[in-house]
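A.B. asks: I have a structure I would like to understand better, so I am pasting it below and will then ask my questions one at a time.
Residue numbers (our numbering), protein chains in the order written: chain A, 187 to 683; chain B, 187 to 683.
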């Protein structure tokens with residue numbers, strides 16, 4: 187009977203990840219995919235609340251690190267994009283030819299985002315004089331304004347961010363949160379006096395990434411992407427990849443160090459202490475709703491979602507049991523809920539007239555980290571019965587419910603972080619030589635220090651993609667897997683989403 | 187010297203409102219209008235923070251009243267708009283002909299938003315098969331999904347809301363917050379079992395409006411708009427107009443009762459308790475960034491903005507004075523700031539190396555409600571010196587700074603609410619007869635119960651527009667100003683923004 191009730195919800199087993207993922211995001215009511223535009227889902231209340239909890243963590247980190255929140259227009263005039271395109275094609279050519287960008291003439295080559303954007307060329311019944319496009323990201327918009335805001339070194343560092351909707355005209359298959367056409371997007375943009383200051387910003391970004399990934403219990407690999415996979419406008423790109431359950435990696439965030447390249451294209455200068463005009467050095471840090479996709483994918487199981495407490499839309503669900511048998515049950519539940527809400531927990535009382543099993547499955551599917559049951563005997567004993575979504579049940583005292591719940595949620599978080607670490611250990615295998623068999627569902631660690639041609643060999647032989655240099659190199663000398671030369675460069679290869 | 191420092195900021199006197207308003211929103215750094223698209227300003231950190239504080243009040247009210255937050259795609263396919271247009275033109279005709287909408291054939295007439303929207307007809311290098319447009323508001327998008335979410339009476343009431351960017355292709359002159367092309371927009375959409383339930387929702391909306399307007403200290407007139415000024419898709423429209431300093435009214439919010447008209451067009455039905463299929467009855471409630479425009483316009487003065495404490499980005503600015511003369515000053519300021527932050531106040535310490543006058547003007551322009559100065563003698567006396575932006579200064583004890591600041595901010599709020607009431611009293615004059623002279627900067631209260639033709643007479647004679655029926659009719663019989671017949675209908679006429 188219980189199995190029947192569960193089966194009715196229609197969740198495929200998680201081992202069939204490609205069927206499980208799209209099913210669970212709808213069954214748990216995170217999104218509705220029936221909106222009549224492909225790749226643009228409707229955020230339902232439960233999913234949107236989860237995303238807003240993730241945003242709240244981001245806001246907190248941004249405030250802690252003195253970033254200021256702005257909000258730029260969605261629309262960008264076409265002529266600004268052309269400035270970006272010129273820069274990007276210049277940098278791309280310089281990189282390909284291995285020369286300094288300043289040696290090259292600026293070409294009117296088409297590049298950048300032009301082929302991936304939605305265009306607004308008409309308004310009402312008019313054709314617009316200057317076509318505009320929906321932002322895919324906001325470099326162009328922001329760097330048009332930065333010169334107006336930055337005059338002297340006292341205006342630096344300028345640290346801004348926004349959380350907005352952005353758009354990419356995706357032609358690949360779409361997937362909720364992971365590959366969508368309207369993206370809930372976070373972007374931080376900073377300007378600094380020099381390269382060193384900008385580099386310190388990247389370090390701070392990685393510290394923020396660390397905090398966020400810990401809060402969400404996500405297993406990540408942080409890599410400096412190889413040159414051919416660097417954002418064309420960047421000096422270098424650091425990417426944060428989550429290891430999904432099937433061993434494929436999902437890039438959820440990235441930081442770019444721009445050096446003074448954009449500043450030169452957009453004329454972002456400042457007067458230094460001696461009164462000389464200098465170009466700013468810039469960085470960006472981006473994340474998206476993919477964070478939620480990673481949380482869903484990483485923590486869910488055959489029974490539904492599991493939310494880490496910091497981002498759970500509902501952290502605790504309270505269920506009165508057999509309340510018709512004792513008048514003390516409902517008041518005890520209400521008192522506990524009040525105390526928990528007062529202490530800042532996100533709490534739901536489920537007093538629907540349904541069989542308990544039905545209710546369990548609902549909250550199990552939705553991934554509520556902690557369920558508290560209160561029946562007549564519990565009240566007599568002064569307890570609530572706590573059941574963690576990650577497993578384990580025990581009574582906790584009602585008269586100190588706040589501390590009890592705090593501890594239970596900590597246990598859930600600890601368990602999720604531990605699972606995440608085990609997943610990393612299970613997933614990452616050392617690749618010793620090119621003859622070694624490549625197993626499905628794994629990521630390989632390699633010593634690699636070869637040329638682009640060597641990289642191509644490595645990728646072709648293994649069928650995997652190079653993520654780039656791990657932040658931690660090997661502690662001692664290794665042999666490059668392709669060239670055999672001595673190196674400490676530690677890289678990962680994986681199937682990427 | 188002081189006057190020189192102030193004059194340099196270039197704020198025109200508030201009596202010249204049309205010059206003061208656009209100047210102050212930029213000088214106080216709420217927005218930057220230099221973004222290269224007309225009517226699309228960049229929100230700077232200070233302005234965005236103020237808007238987010240207003241949004242926080244809205245979220246709180248929505249949570250209190252059991253609304254759930256959703257987020258719908260920005261883009262809407264053209265064919266859905268056509269459904270809306272058909273409905274709207276049908277209702278318009280029915281209203282014009284004074285018949286029930288069900289008696290009319292649905293015409294393929296063009297109406298609604300079609301002429302006011304931004305079109306997306308191209309993506310990348312492709313022309314799209316189905317053109318899409320940027321939402322001007324989300325009825326069409328939402329009511330396409332509601333039928334999928336509502337099955338039976340237990341799913342009702344469905345109460346949703348979202349805070350998103352919306353777009354109108356404005357052809358009139360733009361003005362920050364008041365008339366813009368990208369709008370920061372709040373919209374609540376609800377579905378109910380019947381007209382009564384929907385009407386009770388409108389009552390709840392007006393209660394929410396009351397709380398919000400009190401928090402912002404805004405003087406408002408709430409009116410049921412006359413038929414010709416009702417949103418074409420609505421059964422009736424209730425509008426909330428702020429009385430701006432120059433006596434013109436600015437509509438900042440509105441509620442629509444839709445009856446079952448949209449439900450019939452979009453097939454939004456439910457099964458009632460007897461298993462019969464019924465149409466839902468619906469309401470919407472909308473507000474926009476105009477709220478911030480109203481706050482700026484209503485409370486500011488010749489010296490800058492004045493923020494009501496509930497939405498002030500910075501509620502208290504702390505200024506150490508002559509800190510070089512005593513080592514006790516900085517620690518005292520830091521301790522006070524910590525205590526205030528702990529208590530949830532938004533606090534800024536201004537320790538810039540500038541002359542005090544310079545600092546005062548900065549925070550005066552930005553409208554921070556409370557300034558606290560702490561100098562060596564203040565520390566000795568155990569006080570901070572409190573100066574309210576609305577006038578008045580006094581010492582408050584440092585060892586109970588939280589209560590002191592709480593009281594000071596209450597005084598500011600009380601003062602703003604009082605000014606607002608006085609403004610209403612000063613502004614609204616009774617219009618006794620059509621011969622009475624119409625004075626600039628005033629709103630007139632009239633007894634009016636005439637036909638559309640009589641309304642035209644009233645509007646033409648006075649040069650003012652009819653806002654509609656006030657929520658409170660006259661307590662006793664009056665003579666209609668045009669027809670002379672007996673009525674209790676109390677209406678207002680004004681110049682509208």
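For every residue, glycine included, the Cβ atom is placed at its ideal position computed from N, Cα and C.
If you measure from the beta carbon of residue 549/B to each beta carbon in chain A, is any gap under 8 Å?
C.D. replies: Nearest CB-CB separation between residue 549/B and chain A: not below the 8 Å threshold.
A.B. asks: Is residue 752/B near residue 355/B, with beta carbons less than 8 Å apart?
C.D. replies: Here chain B has residues from 187 to 683 only, and residue 752/B is not among them.
A.B. asks: Tell me, please, whether the CB atom of residue 252/B is closer than 8 Å to any CB atom in chain A?
C.D. replies: Look at residue 252/B: its C-beta is not under 8 Å from any C-beta on chain A.
A.B. asks: If you draw a straight line from the alpha carbon of residue 566/B to that of residue 536/B, how long is it in whole angstroms?
C.D. replies: 21 Å
A.B. asks: Does residue 195/A have its Cβ less than 8 Å from a Cβ in chain B?
C.D. replies: Using beta-carbon distances, residue 195/A does not count as an interface residue toward chain B, since no partner is under 8 Å.
A.B. asks: Would you kindly report the start and end of the unbroken alpha helix (DSSP H) that includes residue 485/A?
C.D. replies: 476–485
A.B. asks: Give a yes or no on whether the minimum CB-CB distance between residue 295/B and chain A is below 8 Å.
C.D. replies: With a pLDDT of 46 at residue 295/B, under the threshold of 50, the predicted position of this residue should be treated as unreliable, and no value is reported.
A.B. asks: Have a look at residue 269/B and residue 277/B and give me their C-alpha separation to the nearest angstrom.
C.D. replies: 13 Å
A.B. asks: Would you grab the beta carbon distance between residue 466/B and residue 551/B for me? Rounded to a whole angstrom, and I think it's under 8 Å.
C.D. replies: Under the criterion of beta carbons closer than 8 Å, residue 466/B and residue 551/B do not qualify as touching, at roughly 49 Å.
A.B. asks: Using a C-beta cutoff of 8 Å, does residue 509/B count as contacting chain A?
C.D. replies: False, the Cβ-Cβ gap to chain A never drops below 8 Å.
A.B. asks: Which complete alpha helix (DSSP H) runs does the region 394–441 of chain A hold, if anything under 4 residues is left out?
C.D. replies: none
A.B. asks: Please classify residue 313/A: is it buried, with 16 or more other beta-carbons within 10 angstroms of its beta-carbon, or exposed?
C.D. replies: With fewer than 16 other Cβ atoms within 10 Å, it is exposed.
A.B. asks: Residue 636/A to residue 280/A, Cα distance in whole Å?
C.D. replies: 21 Å
A.B. asks: Would DSSP call residue 565/A helix, strand or coil?
C.D. replies: helix
A.B. asks: Counting only beta-carbon atoms, is residue 680/B nearer than 8 Å to chain A?
C.D. replies: no
A.B. asks: Mind checking which residues open and close the alpha helix (DSSP H) that includes residue 278/A?
C.D. replies: 264–283
A.B. asks: Per the contact definition of three or more C-beta pairs closer than 8 Å, is the region 665–672 of chain A in contact with the region 216–235 of chain B?
C.D. replies: no
A.B. asks: Output the boundary residues of the alpha helix (DSSP H) element that contains residue 643/A.
C.D. replies: Residues 638–648.
A.B. asks: For residue 414/B, does the count of other Cβ atoms within 10 angstroms reach 16, so buried, or fall short, so exposed?
C.D. replies: Under this definition residue 414/B is an exposed residue.
A.B. asks: Could you check whether residue 558/B and residue 504/B sit closer than 8 Å to each other, using their CB atoms as the reference points?
C.D. replies: In this structure, residue 558/B lies closer than 8 Å to residue 504/B by Cβ.
A.B. asks: Can you give me the Cβ contacts of residue 387/A inside the same chain, cut-off strictly under 6 Å, excluding the 5 residues immediately before and after it?
C.D. replies: 376, 469
A.B. asks: Around the Cβ of residue 568/B, are there at least 16 other Cβ atoms within 10 angstroms (buried) or fewer (exposed)?
C.D. replies: exposed
A.B. asks: If the criterion is Cβ atoms closer than 8 Å, does the pair residue 266/A and residue 448/A meet it?
C.D. replies: Cβ distance not < 8 Å, so residue 266/A and residue 448/A don't count as in contact.
A.B. asks: Name the chain B residues whose beta carbon is nearer than 7 Å to that of residue 456/A?
C.D. replies: In chain order: nothing, as chain B lies at least about 18 Å away.
A.B. asks: Using 8 Å as the cut-off, can you tell me whether the region 240–249 of chain B makes contact with the region 361–376 of chain A, which would need three or more C-beta pairs spanning the two stretches below that distance?
C.D. replies: no
A.B. asks: Report the three-state DSSP secondary structure of residue 259/A (helix, strand or coil).
C.D. replies: coil
A.B. asks: Look up residue 574/B in the DSSP assignment and give the residues it is bridged to.
C.D. replies: 556/B
A.B. asks: By the criterion of Cβ-Cβ separation under 9 Å, what are the contact partners of residue 223/B in chain A?
C.D. replies: 259, 261, 262, 263, 316, 318
A.B. asks: Is it true that the CB of residue 533/B sits closer than 8 Å to the CB of residue 526/B?
C.D. replies: Yes, they are a contact pair.
A.B. asks: Helix, strand or coil for residue 634/A? Go by DSSP, reduced to three states.
C.D. replies: coil
A.B. asks: Three or more beta-carbon pairs under 8 Å between the region 611–629 of chain A and the region 433–450 of chain A, yes or no?
C.D. replies: yes
A.B. asks: Taking 8 Å as the cut-off, decide whether the C-beta atoms of residue 491/A and residue 214/A are in contact.
C.D. replies: yes
A.B. asks: When you compare only the Cα positions, how much space is there between residue 259/A and residue 562/A?
C.D. replies: About 57 Å.
A.B. asks: If you reduce the DSSP assignment to three classes, tell me which class residue 508/B lands in.
C.D. replies: coil
A.B. asks: For residue 408/A and residue 424/A, which I take to be in contact (beta-carbon distance under 8 Å), what is that distance rounded to the nearest angstrom?
C.D. replies: 6 Å
A.B. asks: Could you spell out the range, first to last residue, of the alpha helix (DSSP H) harbouring residue 334/B?
C.D. replies: 325–335
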